[in-house]
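Novice: The structure that follows is given in the form of structure tokens.
Protein chains: 2
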Amino acid sequence: MNLIEVTLGIKISGTSIEYGLVNRMGEIVLEEAIKMRGNESAETLFERLHKQFSSSYKNFKDTYKLMGIGIAAPCANYHSGTVENSSNLNWVKVPVVEIAKKYWDVPIVITNDANASAIGELKYGNAKNFKNFIQITLGLGLGSGIVAEGNLLYGNEGFAGEIGHTIIERNGRHCGCGRKGCLETYVSTTGLVRTAIELLSKYNEDSLLREVPLNDLTDNLIFKAAEMGDSIANETFEVTGRIFGEALANTVAYFSPEAIILTEGLALAGDLIINPTIASMEKNLLSIFKGKVKILISGLPQGNAAILGASALIWHELHMHKVNIKLQTLEKTIV
Amino acid sequence: MNLIEVTLGIKISGTSIEYGLVNRMGEIVLEEAIKMRGNESAETLFERLHKQFSSSYKNFKDTYKLMGIGIAAPCANYHSGTVENSSNLNWVKVPVVEIAKKYWDVPIVITNDANASAIGELKYGNAKNFKNFIQITLGLGLGSGIVAEGNLLYGNEGFAGEIGHTIIERNGRHCGCGRKGCLETYVSTTGLVRTAIELLSKYNEDSLLREVPLNDLTDNLIFKAAEMGDSIANETFEVTGRIFGEALANTVAYFSPEAIILTEGLALAGDLIINPTIASMEKNLLSIFKGKVKILISGLPQGNAAILGASALIWHELHMHKVNIKLQTLEKTIV
Numbered sequence: 004m005n006l007i008e009v010t011l012g013i014k015i016s017g018t019s020i021e022y023g024l025v026n027r028m029g030e031i032v033l034e035e036a037i038k039m040r041g042n043e044s045a046e047t048l049f050e051r052l053h054k055q056f057s058s059s060y061k062n063f064k065d066t067y068k069l070m071g072i073g074i075a076a077p078c079a080n081y082h083s084g085t086v087e088n089s090s091n092l093n094w095v096k097v098p099v100v101e102i103a104k105k106y107w108d109v110p111i112v113i114t115n116d117a118n119a120s121a122i123g124e125l126k127y128g129n130a131k132n133f134k135n136f137i138q139i140t141l142g143l144g145l146g147s148g149i150v151a152e153g154n155l156l157y158g159n160e161g162f163a164g165e166i167g168h169t170i171i172e173r174n175g176r177h178c179g180c181g182r183k184g185c186l187e188t189y190v191s192t193t194g195l196v197r198t199a200i201e202l203l204s205k206y207n208e209d210s211l212l213r214e215v216p217l218n219d220l221t222d223n224l225i226f227k228a229a230e231m232g233d234s235i236a237n238e239t240f241e242v243t244g245r246i247f248g249e250a251l252a253n254t255v256a257y258f259s260p261e262a263i264i265l266t267e268g269l270a271l272a273g274d275l276i277i278n279p280t281i282a283s284m285e286k287n288l289l290s291i292f293k294g295k296v297k298i299l300i301s302g303l304p305q306g307n308a309a310i311l312g313a314s315a316l317i318w319h320e321l322h323m324h325k326v327n328i329k330l331q332t333l334e335k336t337i338v
Numbered sequence: 004m005n006l007i008e009v010t011l012g013i014k015i016s017g018t019s020i021e022y023g024l025v026n027r028m029g030e031i032v033l034e035e036a037i038k039m040r041g042n043e044s045a046e047t048l049f050e051r052l053h054k055q056f057s058s059s060y061k062n063f064k065d066t067y068k069l070m071g072i073g074i075a076a077p078c079a080n081y082h083s084g085t086v087e088n089s090s091n092l093n094w095v096k097v098p099v100v101e102i103a104k105k106y107w108d109v110p111i112v113i114t115n116d117a118n119a120s121a122i123g124e125l126k127y128g129n130a131k132n133f134k135n136f137i138q139i140t141l142g143l144g145l146g147s148g149i150v151a152e153g154n155l156l157y158g159n160e161g162f163a164g165e166i167g168h169t170i171i172e173r174n175g176r177h178c179g180c181g182r183k184g185c186l187e188t189y190v191s192t193t194g195l196v197r198t199a200i201e202l203l204s205k206y207n208e209d210s211l212l213r214e215v216p217l218n219d220l221t222d223n224l225i226f227k228a229a230e231m232g233d234s235i236a237n238e239t240f241e242v243t244g245r246i247f248g249e250a251l252a253n254t255v256a257y258f259s260p261e262a263i264i265l266t267e268g269l270a271l272a273g274d275l276i277i278n279p280t281i282a283s284m285e286k287n288l289l290s291i292f293k294g295k296v297k298i299l300i301s302g303l304p305q306g307n308a309a310i311l312g313a314s315a316l317i318w319h320e321l322h323m324h325k326v327n328i329k330l331q332t333l334e335k336t337i338v
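Order-wise, the sequence lines are chains A and B.
Using the numbering used here, the letters of the first sequence correspond one by one to residues 4 to 338.
Using the numbering used here, the letters of the second sequence correspond one by one to residues 4 to 338.
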């Protein structure tokens, strides 16, 4: 009997590892997680991960064949296979792919969450028909993955697509990266909260948001207040969308994408954030781009997007690898 | 006897057409030009061009074989083969490739000047060893061509790389595109002049620049004044470099290029513009990129860069075409 080919998608976050076996159709046939221990090293983490996975996988061996492993992790570098300076993980420079290869004898690649999401969207989600699009994850920060001509853009250092750290306001808000005015200090769930606080100081109208301690102010609370008609909460989304749209207009001038796909966090606010973003982007676009760039919400299931993205990454890699090997042979025959 | 393969590089500007036959080494074996007539249509232009070229080419036919034609023109769209809304040419939407194909039975492609320069740099110039770099032309405007993973980035509409029209100052200087604050209103030869005028109003020091009518103020004059120690002229370059460096820091966050290559106009000012640009870029770069991106001056000969770029474009295209045809056959055999 032919074995069904699957890949293992692993999503590393600051607190847990989720993983799943995924077939070519994007169906998850096994899904598990382990909790990270405080300041756990990658070595012990992968040892535990491999042990737990193997114990489950032995029941699958007669049906499935593991083709490769894709890993999505914060601050991951595709070229070097490392995770570098991740504040979430307390890993300074960890050769994750090298460590994982001690346990599995299959192709393994790693990339950051946003890139994995972009490839997930390309393979299973709303970008199946796009060759040029940008995936933006609007969580605590703003992550982005750029697909140009059907491939992830990595650039020379492997760190292309740091749209969240383009400076959009000279001497603007302080950013976790040590600089000021980065896009993600305005457009992210934390950016939304900072804008709400700014507007609470600027205006003197009543607002539901004045009734909670600032430390308890969340994007979700602002969302609920906006839905209840709170004017400062609504203005918070308007301002955030305006800034986001201005930034996207510049992004479009760089890449001429067919679509920009938004996921997680702020994106869940739907029209409240999408409408002012589109209006502002269109207003600021160079005329040749006006009306030509779609803003879409992710087509991947919320809970499993990360695992699917990581699994899609290695499917994509396996495909490109085959193509490239033949291409190299080919290049020799072409002047 | 084997014929030597050559391509024809054609550079269309608002006033003239330059063209040259170029071999694979980047050597120009025939170089000519014709003057454009006021408001001349593309049809009559190409009729004249073909006539003049054929008359010269007949002496070359026994030695050279014309493999293809590359055209560089303002506002050219690679995908559609057209020139659209070019204010320099008074052409609203002209199917240049289609018109050229009436006269030549070889592959013909068109792109804008900046993209052609980028490919020229890749094939014959300072980017031979780079897979990820950005070419910036600092003439009357700011044109840019982006090479990612060895290929020109066109994007969905064919207009990727409009870095000159990213907005860097909300409600800033009025731009020819109808918007405000575009990078090219600050960083270009005209941008330099506008900055000089701004500084002449801001400061009240003596300056050589106060001795000429504003209409006669040029980048060249500011350059000479700066070299003579004129403080406002020097400050003009400092301010321009600061703004340029800030913009490049953002560009690097998008693309993670290995190098940024500058050509023409402002780039000819050398250290006067390069030094403040590098200082400002490094200051504003995300730490992972610091010290990793080269700023270089073009390696193409000034006078012939356009023809070489256009010829390189079709060499590149012919190569990629062969690769892609084999690749398509290949893809069918790969799941």
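We treat Cβ as the ideally placed atom computed from N, Cα and C, and that holds for glycine.
#1: Going along chain A, which residues have a C-beta under 8 Å from HIS168/B?
#2: Just tell me which of ASP274/A, VAL99/A, ILE281/A and VAL242/A has its CA closest to the CA of GLU84/A.
#3: At a CB-CB cut-off below 7 Å, which residues of chain A make contact with PRO260/B?
#4: For PRO260/A and LYS295/A, what's the separation of their Cα atoms in angstroms?
#5: Does DSSP classify MET70/B as helix, strand or coil?
#6: Measuring CA to CA, which of LYS105/A, TYR67/A and ILE72/A is closest to ALA45/A?
#7: With respect to the beta strand (DSSP E) encompassing SER147/B, which residues constitute its N-terminal and C-terminal limits?
#8: Buried or exposed, going by whether 16 or more other CB atoms sit within 10 Å of the CB of VAL338/A?
#9: Can you grab the Cα-Cα spacing for the pair TYR67/A / LEU6/A, in whole Å?
#10: Tell me whether PHE292/B sits in a helix, a strand or coil according to DSSP, three-state version.
#11: On the CB-based measure, 16 or more other CB atoms within 10 Å of its CB, does ALA228/A come out buried or exposed?
#12: Chain A beta carbons: is any one of them nearer than 9 Å to that of VAL338/B?
#13: Any contact of the segment 194-202 of chain A with the segment 235-254 of chain A, i.e. 3+ C-beta pairs under 8 Å?
#14: Are there three or more Cβ pairs, one per stretch, closer than 8 Å when the segment 157-169 of chain A is compared with the segment 138-146 of chain A?
#15: Using a Cβ cut-off of 9 Å (strictly closer), state whether PHE247/B contacts chain A.
#16: Could I get the ranges of all uninterrupted beta strand (DSSP E) runs contained in the segment 79-152 of chain B, with 3 residues as the minimum, in chain order?
#17: Can you find a CB in chain B that lies within less than 9 Å of the CB of GLU152/A?
#18: Would you check if the distance between the CB atom of ILE74/B and the CB atom of ALA313/B is smaller than 9 Å?
#19: Output yes if chain B places a C-beta closer than 9 Å to the C-beta of ALA252/A; else output no.
#20: Compute the beta-carbon to beta-carbon distance between CYS185/B and THR169/B, rounded to the nearest angstrom, for a pair I have assumed lies under 8 Å.
#21: Shortest alpha-carbon distance to MET39/B belongs to which of ASP108/B, LEU69/B and TRP94/B?
#22: Quick check on this structure: which residue in TYR157/A, GLY29/A and VAL9/A has the alpha carbon closest to the alpha carbon of ASN307/A?
#23: What are the start and end residues of the beta strand (DSSP E) that includes ASN26/B?
#24: When you compare only the Cα positions, how much space is there between THR18/B and GLY148/B?
#25: Judging by CA-CA distance, which residue of GLN331/A, LYS134/A and LEU155/A is the nearest neighbour of ILE113/A?
#26: Write down the C-beta distance between ILE171/A and ALA250/A rounded to the nearest angstrom, noting that I regard them as a contact closer than 8 Å.
#27: Tell me which residues of the segment 24-57 of chain B have at least one Cβ-Cβ distance to chain A shorter than 9 Å, keeping chain order.
#28: Chain B beta carbons: is any one of them nearer than 9 Å to that of ILE149/A?
#29: How about ILE122/B and ALA315/B: do their beta carbons lie closer than 9 Å?
#30: When the distance is taken between beta carbons, is ILE31/B closer than 9 Å to LEU24/B?
#31: Using the Cβ count rule (16 or more neighbours within 10 Å means buried), how would you classify TYR206/B?
#32: Measuring CB to CB, does PRO279/A end up less than 9 Å from PHE247/A?
#33: Using the three-state DSSP reduction, which class does ALA313/A fall into: helix, strand or coil?
#34: Assuming the contact rule is C-beta atoms closer than 8 Å, LEU299/B and ILE264/B should be a hit. Round their C-beta distance to whole Å, please.
#35: To the nearest angstrom, how far is the alpha carbon of GLN55/B from that of GLU8/B?
Specialist: The structure says:
#1: On the second sequence, residue 168/B is found 165 positions in, with the first residue counted as 1. Under the 8 Å cutoff, chain A gives ALA256 and LEU289.
#2: Here residue 84/A corresponds to residue number 81 of the first sequence, with the count starting at 1. The question names Glu, but residue 84/A in the sequence shown is Gly. Of the candidates ASP274/A, VAL99/A, ILE281/A and VAL242/A, VAL99/A places its Cα closest to the Cα of GLY84/A.
#3: Translated into positions along the second sequence, residue 260/B becomes position 257. Listed along chain A, the residues sitting closer than 7 Å to PRO260/B by beta-carbon distance are GLY158 and ASN159.
#4: The count along the first sequence starts at 1 and reaches residue 260/A at position 257. The count along the first sequence starts at 1 and reaches residue 295/A at position 292. As the crow flies, the alpha-carbon of PRO260/A is around 9 Å from that of LYS295/A.
#5: Residue 70/B sits at position 67 when you count from the first residue of the second sequence. MET70/B: strand per DSSP, three-state reduction.
#6: On the first sequence, residue 45/A is found 42 positions in, with the first residue counted as 1. The candidate whose alpha carbon is nearest that of ALA45/A is LYS105/A.
#7: Numbered from 1 along the second sequence, position 144 holds the residue referred to as residue 147/B. 145-151 is the extent of the beta strand (DSSP E) around SER147/B.
#8: Working through the first sequence from its first residue, we reach residue 338/A at position 335. Only weak support exists for where VAL338/A lies, its pLDDT of 47 falling under 50; the coordinates are left without a value.
#9: As a position in the first sequence, residue 67/A is number 64, starting the count at 1. As a position in the first sequence, residue 6/A is number 3, starting the count at 1. Their Cα atoms are separated by approximately 5 Å.
#10: Residue mapping note: residue 292/B aligns to position 289 of the second sequence, counting from 1. In this structure, PHE292/B counts as helix in the three-state DSSP scheme.
#11: The count along the first sequence starts at 1 and reaches residue 228/A at position 225. With a threshold of 16 other beta carbon atoms within 10 Å, ALA228/A meets it and is buried.
#12: Start at 1 with the first residue of the second sequence, and residue 338/B comes out as number 335. Low per-residue confidence applies at VAL338/B: pLDDT is 47, beneath 50, and the placement is therefore not dependable, though the value from the model is reported in the following sentence. Yes, its Cβ sits closer than 9 Å to a Cβ of chain A.
#13: Judged by Cβ distances under 8 Å, the segment 194-202 of chain A makes contact with the segment 235-254 of chain A, as three or more pairs qualify.
#14: These segments touch.
#15: Numbered from its first residue, the second sequence carries residue 247/B at position 244. Cβ-Cβ to chain A under 9 Å: no for PHE247/B.
#16: Runs of beta strand (DSSP E) with 3 or more residues, each lying fully within the segment 79-152 of chain B, are found at 85-89, 94-97, 111-114, 136-141 and 145-151, listed in chain order.
#17: For the purposes of this step, residue 152/A is taken as residue 149 along the first sequence, with counting starting at 1. For GLU152/A, the closest Cβ of chain B is nearer than 9 Å.
#18: Against the second sequence, residue 74/B aligns to sequence position 71. Against the second sequence, residue 313/B aligns to sequence position 310. Taking 9 Å as the cut-off, the Cβ atoms of ILE74/B and ALA313/B count as close.
#19: Walking along the first sequence from the start, residue 252/A turns up at place 249. True, the Cβ-Cβ gap to chain B drops below 9 Å.
#20: Position 182 of the second sequence, counting from 1, holds the residue named residue 185/B. Position 166 of the second sequence, counting from 1, holds the residue named residue 169/B. With a Cβ gap of about 7 Å, CYS185/B and THR169/B count as contacting.
#21: The count along the second sequence starts at 1 and reaches residue 39/B at position 36. Of the candidates ASP108/B, LEU69/B and TRP94/B, the one whose C-alpha sits nearest the C-alpha of MET39/B is TRP94/B.
#22: Your numbering for residue 307/A matches position 304 in the first sequence. Closest option to ASN307/A, Cα to Cα, is GLY29/A.
#23: Counting from one through the second sequence, the residue named residue 26/B turns up at place 23. Run containing ASN26/B: 19-26, per the beta strand (DSSP E) assignment.
#24: Residue numbering aside, residue 18/B sits at position 15 when the second sequence is read from its first letter. Residue numbering aside, residue 148/B sits at position 145 when the second sequence is read from its first letter. Their Cα atoms are separated by approximately 23 Å.
#25: Along the first sequence, read from residue 1 onward, the residue named residue 113/A stands at position 110. When only C-alpha atoms are compared, the closest one is LEU155/A.
#26: In the first sequence, counting from the first residue as 1, residue 171/A sits at position 168. In the first sequence, counting from the first residue as 1, residue 250/A sits at position 247. Confirmed, Cβ separation roughly 5 Å.
#27: Result list: ARG27.
#28: In the first sequence, counting from the first residue as 1, residue 149/A sits at position 146. Chain B, which has a Cβ nearer than 9 Å to the Cβ of ILE149/A, makes this yes.
#29: Here residue 122/B is taken as the residue at index 119 of the second sequence, counted from 1. Here residue 315/B is taken as the residue at index 312 of the second sequence, counted from 1. Going by C-beta atoms, ILE122/B is nearer than 9 Å to ALA315/B.
#30: Along the second sequence, one-based indexing puts residue 24/B at 21. Along the second sequence, one-based indexing puts residue 31/B at 28. Taking 9 Å as the Cβ cut-off, LEU24/B and ILE31/B qualify as a contacting pair.
#31: As a working mapping, residue 206/B is identified with position 203 in the second sequence. Its Cβ having fewer than 16 others within 10 Å, TYR206/B is exposed.
#32: Your numbering for residue 279/A matches position 276 in the first sequence. Your numbering for residue 247/A matches position 244 in the first sequence. Yes, they are a contact pair.
#33: For this step, residue 313/A is matched to residue 310 along the first sequence. In the structure shown, ALA313/A sits in a helix (DSSP, three-state: H, G or I).
#34: Position 296 of the second sequence, counted from the first residue, corresponds to residue 299/B. Position 261 of the second sequence, counted from the first residue, corresponds to residue 264/B. Taking 8 Å as the upper bound for CB-CB distance, LEU299/B and ILE264/B are in contact here, some 5 Å apart.
#35: Position 52 of the second sequence, counted from the first residue, corresponds to residue 55/B. Position 5 of the second sequence, counted from the first residue, corresponds to residue 8/B. Each residue's alpha carbon lies about 21 Å from the other.
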